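As they're listed, the protein sequences go chains A and V. Quick note, the numbering used here runs 27 ahead of the 1-based positions in the first sequence. Reminder that position 51 of the second sequence reads as 37 in the numbering used here, one-by-one numbering, no gaps. Data first, discussion second: the structure below is written as structure tokens.
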Amino acid sequence: MGKVILEVNELTTKYITRFGEDVYAVDHVSLKVEEGKSLGIAGESGCGKSTLALSLMGYYFPPLHYTSGEIIIDGHNITGMKPDDVRKSILGTEIAYIPQAAMNALNPTQKVINIIEDVVQAHDPSKKKKDIYDLARAGFEKLGLPADVLQRYPVELSGGMKQRTVIAISVILGPKVLIADEPSSALDVTSQKMVIKMLRNLMDNGMIKAMIFITHELPLLYNVTTDIMVMYAGQIVEKGAAKETVFDPLHPYAKGLMGSIIVPEAGLRGVKLTAIPGVPPNLKKPPSGCRFAERCKYVHPECKASSVGVTTVGDNRTYRCILSEKELREVYKNAN
Amino acid sequence: MPTNNDPVGNNPVGNNPVGNNPVGKKLCLSVKGLTKEFGFGRQKNVAVNKVDMDLYEGEVVSIVGESGSGKTTLSKMLLGLINSTEGDIYFQGKKRDISSYSKKQEYWKNIQAIFQDPFSSYNIFNKIDAVLLDCINMRGGRRLPQAKKVEMMTEACSFVNLKYEEMTNKYPFELSGGQMQRLMIARIFLLKPKILLADEPTSMIDACSRATILDMLMKLRDETGMTLIFITHDIGLAYYVSDQVFIMEHGKFVESGSPDDVILHPREPYTKRLINDVPKIYEEWDLTTV
Ligand SMILES: Nc1ncnc2c1ncn2[C@@H]1O[C@H](COP(=O)(O)OP(=O)(O)OP(=O)(O)O)[C@@H](O)[C@H]1O
Ligand SMILES: Nc1ncnc2c1ncn2[C@@H]1O[C@H](COP(=O)(O)OP(=O)(O)OP(=O)(O)O)[C@@H](O)[C@H]1O
Ligand SMILES: [Mg+2]
Ligand SMILES: [Mg+2]
Chain A
28 MGKVILEVNE LTTKYITRFG EDVYAVDHVS LKVEEGKSLG IAGESGCGKS TLALSLMGYY
88 FPPLHYTSGE IIIDGHNITG MKPDDVRKSI LGTEIAYIPQ AAMNALNPTQ KVINIIEDVV
148 QAHDPSKKKK DIYDLARAGF EKLGLPADVL QRYPVELSGG MKQRTVIAIS VILGPKVLIA
208 DEPSSALDVT SQKMVIKMLR NLMDNGMIKA MIFITHELPL LYNVTTDIMV MYAGQIVEKG
268 AAKETVFDPL HPYAKGLMGS IIVPEAGLRG VKLTAIPGVP PNLKKPPSGC RFAERCKYVH
328 PECKASSVGV TTVGDNRTYR CILSEKELRE VYKNAN
Chain V
-13 MPTNNDPVGN NPVGNNPVGN NPVGKKLCLS VKGLTKEFGF GRQKNVAVNK VDMDLYEGEV
47 VSIVGESGSG KTTLSKMLLG LINSTEGDIY FQGKKRDISS YSKKQEYWKN IQAIFQDPFS
107 SYNIFNKIDA VLLDCINMRG GRRLPQAKKV EMMTEACSFV NLKYEEMTNK YPFELSGGQM
167 QRLMIARIFL LKPKILLADE PTSMIDACSR ATILDMLMKL RDETGMTLIF ITHDIGLAYY
227 VSDQVFIMEH GKFVESGSPD DVILHPREPY TKRLINDVPK IYEEWDLTTV
């Protein structure tokens, strides 16, 4: 087992809305990311992927609140750290975070190099512009981006180039972990592929030690990450090696999700897509039993009775269902 | 590029390249040499360049192309939202006439669209009941008794797995993205257009909700016989749902035909590249080509 870069134990966080209601968006999430590994997070809209990303950096600001659990980054327990300290000593240097739709948030009146100067000087005010330029140029070159992008304004860049620029900037301070939230969803296939290639490069040439990649596009995750976890209504319902999770899912929700993948590959036209009927529960009052029970084809009365724990299979695989691995396989076999 | 050269199109058989095309069915929409230029002189940009298309009733077609290839410009012309620079559009065998406001209104009873960002397509001051009521009125149901209208709205909501009681008195922005997307389909259910144009309808949503939405759209197609046009980057989607696929590059259709021909056996380098760039799961995805 490699060195653990990021460890999260039983993390629970919630939003408190303007009306004082609690929204339980991340519920008892545990995960570990080892050096050289990348973790993909999949799940339908609103299941808490982005909230988990914010939560596991320890970066809390209203309406998001920490409830319980532990966060350990490269051996340092950062649980309970103040947001200001997180900003100073974690963001950018330990963990780089690329929020959803980040590429459209670049300041349009600054050249790329000026944006980089701000990022670097926020961390080290004494750093000279010349040194920052050299650092940026080297970083861009290593990632295959033309150095003249540094002198351009964001609006002058195509969508794909903008996104790759955002990624290059985010790793300028040498973070250990990169968290990328839907970095390629708004791009066309060719630009998307360039972004993916860049993320893989970052890992391959050791510019980052570990990565978390969030997207609902399963074929993408499958091609980028070593491990995949599936979230449903704030909880992890399945986690394991990418290949197992995609081709041999255990949890009924993961099973459904994998059945809805469409790729332009022969034979697919004959396959019936599985649409999971119903909608996820309201996270203001999540059910006390299994959160997926309401939509599950294989539901038992016990599923709704009390909360369902995590079952471990082998050494690296977990799922959250009352059925055993054997029972689940049986159920799926009979369903076909 | 083979197309049907008979714009009135009573007989689609013959030189029509499409495999599982509903042979003998009626031509619904036909496009001849459709062109749109923006700007003049050196600034001139031909966004859509002499495009030909024959769409049959009940058919599902996809228009696929990279960013800026002209897909949205083409769909705006089909919808009659912008004028073409050249070329003609035939609807149900007759040349489309939208020269007056009332003629446009008449045309829009037949063609409807859903867009990528569901939030952009609602009037924020209208409650959901009003949104649905509008659809009934547009189909000439203004005089129907209130109870009948409620019945129709309830039916439309349940078609897309929404509860009408939960929708009343809400504004569209109080809904989640997924609910909003389904509300758009409920509108289409009431409007029953001959043609539905969906511009990137599923790119914002996850695979699972995408399957649900596709299910609903296909069911609606089966029930009403409408023609469905998907405008998309998603080649997997195009492969999965379409009877015909059109590949668009720089305003032109460079390749078209059945999905098995175009997507599994592409001839054009551009088509090959697009397909190559889509992430695969059963085959190795080659990252060295970008
Ligand atoms: N500021 C907020 N206040 C209250 N609730 C919120 C807030 N932001 C998000 N939520 C709720 O928290 C839940 C998780 O949201 P989150 O944005 O993390 O989902 P996601 O999985 O990233 O979805 P998507 O795929 O759409 O990006 C949702 O139910 C959402 O409605
Ligand atoms: N109103 C306009 N004025 C000038 N040029 C325009 C206008 N609308 C579109 N264009 C240009 O026409 C071309 C085609 O644009 P269009 O929006 O149709 O592409 P698209 O295929 O829909 O792209 P995307 O996949 O990004 O939505 C582009 O070069 C665009 O810049
Ligand atoms: Mg998100
Ligand atoms: Mg467009």
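Beta carbons are placed, not taken as given, at the ideal position from N, Cα and C, and that holds for glycine. Please read these numbers as outputs of a predicted model, since none were measured by experiment.
- For residue 186 of chain V, the Cβ falls inside the 8 Å cut-off from some heavy atom of ligand 4.
- Around the Cβ of residue 40 of chain V, a 10 Å sphere holds 16 or more other Cβ atoms; the residue is buried.
- Here the C-alpha atom of residue 58 of chain A lies approximately 41 Å from the C-alpha atom of residue 228 of chain V.
- For residue 181 of chain V, the beta-bridge partners assigned by DSSP are V:97, V:213.
- With respect to the C-alpha of residue 334 of chain A, the residue from A:326, A:348, A:323, A:340 having the closest C-alpha is A:348.
- Taking the CA atoms as reference points, residue 195 of chain V sits about 7 Å from residue 302 of chain A.
- For residue 342 of chain A, the closest of A:266, A:295, A:311, A:286 by C-alpha to C-alpha distance is A:266.
- When the alpha-carbon of residue 251 of chain A is set against those of V:273, V:64, V:99, the nearest one is in V:273.
- Taking 8 Å as the upper bound for CB-CB distance, residue 289 of chain A and residue 243 of chain V are not in contact here, some 19 Å apart.
- Contact between residue 60 of chain V and residue 49 of chain V holds, since their C-beta atoms are separated by about 7 Å, short of 8 Å.
- Cβ contact annotation for residue 25 of chain V (same chain, cutoff 7 Å, sequence separation greater than five): 31, in chain order.
- Cβ contact annotation for residue 287 of chain A (same chain, cutoff 8 Å, sequence separation greater than five): 300, 301, 302, 303, in chain order.
- Around the CB of residue 98 of chain V, 16 or more other CB atoms lie within 10 Å, so the residue is classed as buried.
- One finds 291 in chain A with Cβ atoms closer than 8 Å to the Cβ of residue 249 of chain V, taken in chain order.
- Where residue 14 of chain V is concerned, there is no enclosing alpha helix (DSSP H), although the beta strand (DSSP E) around it starts and stops at 13 to 24.
- Secondary structure note for residue 345 of chain A: its beta strand (DSSP E) is the uninterrupted segment 344 to 346.
- Chain V has a Cβ within less than 9 Å of the Cβ of residue 302 of chain A.
- Here residue 358 of chain A has 325 as same chain residues with Cβ atoms under 6 Å from its own Cβ, once five neighbours each way along the sequence are excluded.
- Under the DSSP assignment, residue 92 of chain A falls in the beta strand (DSSP E) whose first and last residues are 91 to 100.
- Comparing alpha carbon positions, the residue from A:200, A:72, A:132 closest to residue 310 of chain A is A:72.
- The three-state secondary structure of residue 234 of chain V, taken from DSSP, is strand.
- Here the stretch 37 to 52 of chain A lies against the stretch 85 to 100 of chain A, with 3 or more beta-carbon pairs under 8 Å apart.
- At a cut-off of 9 Å between beta carbons, residue 216 of chain A contacts chain V.
- For the C-beta of residue 268 of chain V, the chain A residues within less than 8 Å are, from N- to C-terminus, 290, 292.
- Not a single CB atom of chain V sits nearer than 9 Å to the CB of residue 333 of chain A.
- Taking a 10 Å sphere around the C-beta of residue 278 of chain A, we find 16 or more other C-beta atoms and assign the residue as buried.
- Judged by their CB atoms, residue 118 of chain V and residue 173 of chain V are nearer to each other than the 9 Å cut-off.
- Between residue 237 of chain A and residue 33 of chain A a beta carbon distance of about 6 Å is seen, short of the 8 Å cut, so the two are scored as contacting.
- In terms of Cα proximity to residue 242 of chain A, the closest of A:28, A:360, A:61, A:126 is A:126.
- The Cβ atoms of residue 67 of chain A and residue 254 of chain A sit closer than 9 Å to each other.
- Collapsing the DSSP output to three states places residue 122 of chain V in a helix.
- Remark: C-beta atoms of residue 217 of chain V and residue 183 of chain V approach each other more closely than 9 Å.
- The stretch 102 to 121 of chain A makes contact with the stretch 194 to 202 of chain A, as at least three CB pairs between them are under 8 Å.
- Within chain V, not a single residue places a beta-carbon under 8 Å from that of residue 36 of chain A; the smallest gap is close to 27 Å.
- Residue 160 of chain V: not part of any beta strand (DSSP E); DSSP gives it neither H nor E.
- Relative to the non-hydrogen atoms of ligand 4, the Cβ of residue 58 of chain V comes within a distance shorter than 8 Å of at least one.
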